[in-house]
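Q: Below are the structure tokens for one structure; questions will follow.
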Amino acid sequence: MDAMLQDLFDDVVERNAGEDEFHQAVREVFDSLALVVRRHPEYAEASIIRRICEPERQIIFRVPWVDDAGEVRINRGFRVEFNSALGPFKGGLRFHPSVYLGIVKFLGFEQTFKNALTGLPIGGGKGGSDFDPKGCSDGEVMRFCQSFMTELYRHIGEYTDVPAGDTGVGGREIGYLFGQYKRITNRYESGVLTGKGLGWGGSQVRTEATGYGLAFFVQEMLTADGASFDGTRVVVSGSGNVAIHAIEKVHQLGGTVVACSDSSGYVVDEQGIDLALLREVKEVERGRIADYAERRDGAELGRDGSIWDVSCDVALPCATQNELDADAATRLAKAGCRVVAEGANMPTTPEAVDLLQEAGVRYGPGKAANAGGVATSALEMQQNASRASWTFEETEERLERIMRDIHSLCLTTADEYDLPGNYADGANIAGFTQVADAMLALGVV
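Numbering-wise, the sequence shown is residues 0 to 444 according to numbering that gives the first Met the number 0.
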């Protein structure tokens with residue numbers, strides 16, 4: 000790392016002690032910026048890099064709610080409004096016991112550059128709570144969401160900050176959150192939240208967008224190498240919303256997904272994952288991947304090792320941060336994997352990224368490869384603003400075009416900085432320069 004950038008990074012670590020995920024996200028961007036700073040010294044002179052690492056606003060609040068037994072529970076809520084140089088803060092809400100300030104800041108930092116890559120006028124933010132909706136009744140989830148929104152509502156708005164869903168926050172939670180916002184404000188402000196139901200301001204393709212967009216991005220990566228999905232073996236970690244829709248689109252594009260997973264293990268299905276059965280198990284029954292294996296002839300449950308032991312041409316980590324480590328990257332490369340693209344946020348460790356790139360494996364970073372979700376959220380905002388509703392086909396076509404444009408931007412930026420084929424550096428540099436140029440134009444704010 001450049002000496003000046005190293006000094007700035009050390010300052011970030013000191014100012015944000017104990018926030019390891021945030022440090023990792025900053026480091027990964029800084030590793031790409033040495034060439035940029037040499038070519039554009041104005042970014043350093045205006046302290047753009049230092050400012051871009053400091054959120055514009057960090058909100059932490061208490062969320063009291065009453066469970067079905069009448070007991071008062073207390074959780075902690077977060078909203079980090081990271082950067083609004085390109086537009087209103089935009090990013091999801093995550094409800095999971097692991098949520099703390101460092102994770103929300105890492106996600107908000109990543110979101111800033113991801114949103115910039117879409118070419119749409121949205122800034123970066125993220126939020127959530129250490130609340131776990133798993134095992135809670137609908138009534139408990141509703142009461143939590145209402146309490147959460149009772150504090151959050153004063154900080155958001157269609158021109159200020161537009162949250163969406165993330166891990167643990169689906170259509171049910173968005174409905175309860177929007178209902179409370181409407182109740183408190185006495186406004187039907189559709190554009191304040193995205194991921195809404197189709198009957199009350201939502202957008203076609205929003206549910207599918209992150210997984211579909213990931214598949215579209217990988218299709219472009221394969222095409223750039225003179226290949227396609229036809230006859231390709233694909234492994235997808237996770238079995239939530241992103242994974243399920245990535246599997247669906249990969250199958251439509253001609254690939255075969257032979258394995259997926261959850262926190263209890265992974266399943267290998269050489270016939271190709273049966274999407275209807277997977278949806279029934281995970282979305283309807285809220286079951287485990289073992290239930291899929293029991294009901295699918297020929298499927299085998301893997302409890303030892305990891306899903307990255309399954310040989311494949313394309314690996315799509317869609318579960319959680321840092322799930323694909325150096326050992327897994329080595330195994331994938333030795334087994335002939337050609338492409339790794341991230342459906343989750345920062346699922347590949349820095350050591351694993353280095354190993355993949357050294358082995359000649361194409362690596363698509365999450366800020367580019369999984370940007371389809373937020374891109375479609377921005378399309379939802381457009382529809383809300385114009386009181387319009389687009390068809391599924393029209394929205395999917397726009398999503399595919401955005402993902403093609405992001406892929407092209409990553410490659411052309413990498414070429415511009417003499418880093419041919421390096422999607423990670425291309426994405427980091429392209430996202431950073433768009434945000435930095437806007438910050439320069441707006442002055443010291």
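Glycine included, every Cβ here is placed at the ideal spot set by N, Cα and C.
How is Trp389 classed by DSSP in three states: helix, strand or coil?
A: As a working note, residue 389 is residue 390 in the sequence shown. DSSP places Trp389 in coil when its eight states are reduced to three.
Q: For Gly122, I'd like the list of residues in its chain whose CB is within less than 7 Å of its CB, leaving aside the five on either flank, ordered along the chain.
A: Here residue 122 is taken as the residue at index 123 of the sequence shown, counted from 1. Closer than 7 Å at the Cβ level, and outside the excluded window around Gly122, lie Asn82, Ser83, Ala84, Leu85, Gly86, Pro87, Phe88, Lys89, Thr111, Asn114.
Q: Rounded to whole angstroms, what is the Cα-Cα separation between Ser263 and Arg37?
A: In the sequence shown, the residue the question calls residue 263 occupies position 264. In the sequence shown, the residue the question calls residue 37 occupies position 38. Separation of Ser263 and Arg37 (C-alpha to C-alpha, rounded to the nearest whole angstrom) is 47 Å.
Q: In the DSSP assignment, what residue or residues form a beta bridge with Ile59?
A: Position 60 of the sequence shown, counted from the start, is the residue given in the question as residue 59. Answer is Phe77, bridged to Ile59.
Q: Which same chain residues end up closer than 7 Å to Gly101 when comparing Cβ atoms and leaving out the 5 residues on each side of it in sequence?
A: The residue given as residue 101 occupies position 102 in the sequence shown. Only Gly17, Glu18, Asp19, Glu20, Phe21 meet the Cβ criterion.
Q: Identify the continuous alpha helix (DSSP H) that holds Tyr445 and give its terminal residues.
A: This structure does not reach residue 445, given that the chain is present from 0 up to 444, and the question cannot be answered.
Q: Over the uninterrupted alpha helix (DSSP H) stretch that includes Pro316, give me the two end residues.
A: Taking the sequence shown and counting its residues from 1, one reaches residue 316 at position 317. Unbroken run through Pro316 is the beta strand (DSSP E), 313-316; no alpha helix (DSSP H).
Q: For Met380, which residues of its own chain have a beta-carbon under 6 Å away from its beta-carbon, when the five flanking residues on both sides are left out?
A: Your numbering for residue 380 matches position 381 in the sequence shown. So the qualifying residues of the chain are Gly190.
Q: Where does Lys333 fall in DSSP's three states?
A: Along the sequence shown, one-based indexing puts residue 333 at 334. In this structure, Lys333 counts as helix in the three-state DSSP scheme.
Q: Alpha carbon to alpha carbon, how far is Gln219 from Pro63?
A: Taking the sequence shown and counting its residues from 1, the one referred to as residue 219 is at position 220. Taking the sequence shown and counting its residues from 1, the one referred to as residue 63 is at position 64. Looking at the sequence itself, residue 219 is Glu, so the reference to Gln does not match. Cα-Cα distance, rounded: 47 Å.
Q: How many Å lie between Gly69 and Ser146 at the Cα?
A: Start at 1 with the first residue of the sequence shown, and residue 69 comes out as number 70. Start at 1 with the first residue of the sequence shown, and residue 146 comes out as number 147. Distance between the alpha carbons of Gly69 and Ser146: 15 Å.
Q: May I ask you to list the residues that DSSP assigns as paired with Asp261?
A: Position 262 of the sequence shown, counted from the start, is the residue given in the question as residue 261. DSSP, once it has assigned bridges, lists Gly264 as partnering Asp261.
Q: Taking 9 Å as the threshold (C-beta atoms), are Val266 and Ala258 in contact?
A: Along the sequence shown, read from residue 1 onward, the residue named residue 258 stands at position 259. Along the sequence shown, read from residue 1 onward, the residue named residue 266 stands at position 267. Yes, the pair counts as a contact, with Cβ atoms nearer than the cut-off.
Q: Given a threshold of 16 other Cβ atoms within 10 Å of its Cβ, counted over all protein chains shown, does Lys133 qualify as buried or as exposed?
A: Translated into positions along the sequence shown, residue 133 becomes position 134. So Lys133 counts as exposed.
Q: Within 10 angstroms of its Cβ, does Phe215 collect 16 or more other Cβ (buried), or is it exposed?
A: Within the sequence shown, the letter at position 216 stands for residue 215. Buried, by the Cβ-count rule.
Q: Looking at the secondary structure, which residues open and close the beta strand (DSSP E) in which Arg232 lies?
A: Here the question's residue 232 lines up with position 233 in the sequence shown. Where Arg232 is concerned, the enclosing beta strand (DSSP E) stretches over 232-236.
Q: Could you check how far apart the C-beta atoms of Ile47 and Met438 are, in whole angstroms? I think they sit under 8 Å.
A: Reading the sequence shown from its first residue, position 48 is the one you call residue 47. Reading the sequence shown from its first residue, position 439 is the one you call residue 438. That pair is a contact at about 5 Å.
Q: Please report the Cβ distance between Asn321 and Pro346, rounded to the nearest whole angstrom; I am assuming they are in contact, meaning their Cβ atoms lie under 8 Å.
A: Within the sequence shown, residue 321 is the residue found at index 322, counting from 1. Within the sequence shown, residue 346 is the residue found at index 347, counting from 1. Confirmed, about 7 Å.
Q: Let me confirm a value: Gln356 is counted as buried when at least 16 other C-beta atoms fall within 10 Å, else exposed. Which label applies?
A: The residue you call residue 356 lines up with position 357 of the sequence shown. The residue in question, Gln356, is buried, as its Cβ has 16 or more Cβ neighbours within 10 Å.
Q: Less than 9 Å between the C-beta atoms of Gly225 and Gly196, yes or no?
A: Taking the first residue of the sequence shown as position 1, residue 225 is located at position 226. Taking the first residue of the sequence shown as position 1, residue 196 is located at position 197. It is not a contact, given that the beta carbons lie outside the stated cut-off.
Q: Could you compute how far the alpha carbon of Gly174 sits from the alpha carbon of Arg400?
A: Position 175 of the sequence shown, counted from the start, is the residue given in the question as residue 174. Position 401 of the sequence shown, counted from the start, is the residue given in the question as residue 400. Those two C-alpha atoms are separated by around 29 Å.
Q: Between the region 366-378 and the region 332-347, do at least 3 Cβ pairs fall closer than 8 Å?
A: yes
Q: Identify whether Arg403 lies in helix, strand or coil by the three-state DSSP scheme.
A: On the sequence shown, residue 403 is found 404 positions in, with the first residue counted as 1. Helix, per DSSP.
Q: For Asn427, which option in Asp9, Ala24, Ala2 has the closest C-alpha, if you only look at C-alpha atoms?
A: On the sequence shown, residue 427 is found 428 positions in, with the first residue counted as 1. It is Ala24.
Q: Out of curiosity, what's the CA-to-CA distance linking Asp273 and Ser227?
A: By 1-based counting over the sequence shown, the position of residue 273 is 274. By 1-based counting over the sequence shown, the position of residue 227 is 228. Going by the C-alpha atoms only, they are around 22 Å apart.
Q: Would the beta-carbon of Thr475 fall within 9 Å of that of Gly254?
A: With the chain represented from 0 up to 444, any question about residue 475 goes unanswered, as that position is not in the structure.
Q: According to DSSP, is Gly118 helix, strand or coil?
A: Residue 118 sits at position 119 when you count from the first residue of the sequence shown. Coil, per DSSP.
Q: Please work out which residues of its chain come closer than 8 Å, Cβ to Cβ, to Val35, disregarding the five sequence neighbours upstream and downstream, and give them in chain order.
A: Looking up residue 35 in the sequence shown gives position 36. Counting only Cβ-Cβ distances below 8 Å, and skipping sequence neighbours, we find Tyr42, Tyr416, Ile428, Phe431, Thr432.
Q: Within this structure, are the beta carbons of Gly297 and Ile246 separated by less than 9 Å?
A: Walking along the sequence shown from the start, residue 297 turns up at place 298. Walking along the sequence shown from the start, residue 246 turns up at place 247. Annotated as distal: Gly297 and Ile246, with beta-carbon spacing of 9 Å or more.
Q: Can you name the residues that DSSP bridges to Trp64?
A: Against the sequence shown, residue 64 aligns to sequence position 65. Trp64 is bridged to Arg72.
Q: Which residues mark the beginning and the end of the alpha helix (DSSP H) in which Leu197 is found?
A: The count along the sequence shown starts at 1 and reaches residue 197 at position 198. It is not in any alpha helix (DSSP H) - Leu197 carries neither H nor E in the DSSP assignment.
Q: Could you check whether the region 327-335 touches the region 276-294, counting it as contact only if at least three pairs of C-beta atoms, one from each stretch, sit closer than 8 Å?
A: Three or more Cβ pairs closer than 8 Å define a contact, and the region 327-335 falls short of that threshold against the region 276-294.
Q: Using the Cβ count rule (16 or more neighbours within 10 Å means buried), how would you classify Tyr158?
A: Translated into positions along the sequence shown, residue 158 becomes position 159. Exposed: under 16 other Cβ atoms inside 10 Å.
Q: Exposed or buried, what is Ile405 when buried is set at 16 or more other beta-carbons lying within 10 Å of its beta-carbon?
A: The residue labelled residue 405 in the question sits at position 406 within the sequence shown. With 16 or more Cβ atoms within 10 Å of its Cβ, Ile405 is classed as buried.
Q: Can you name, in chain order, every residue of its own chain whose Cβ lies under 7 Å from the Cβ of Leu119, other than the five neighbours on each side?
A: Indexing the sequence shown from 1 puts residue 119 at position 120. Closer than 7 Å at Cβ, skipping near neighbours: Ala374, Ala377.
Q: With C-beta atoms as the reference, is Glu282 less than 9 Å away from Ile243?
A: Taking the first residue of the sequence shown as position 1, residue 282 is located at position 283. Taking the first residue of the sequence shown as position 1, residue 243 is located at position 244. At a Cβ-Cβ threshold of 9 Å, Glu282 and Ile243 count as neighbours.
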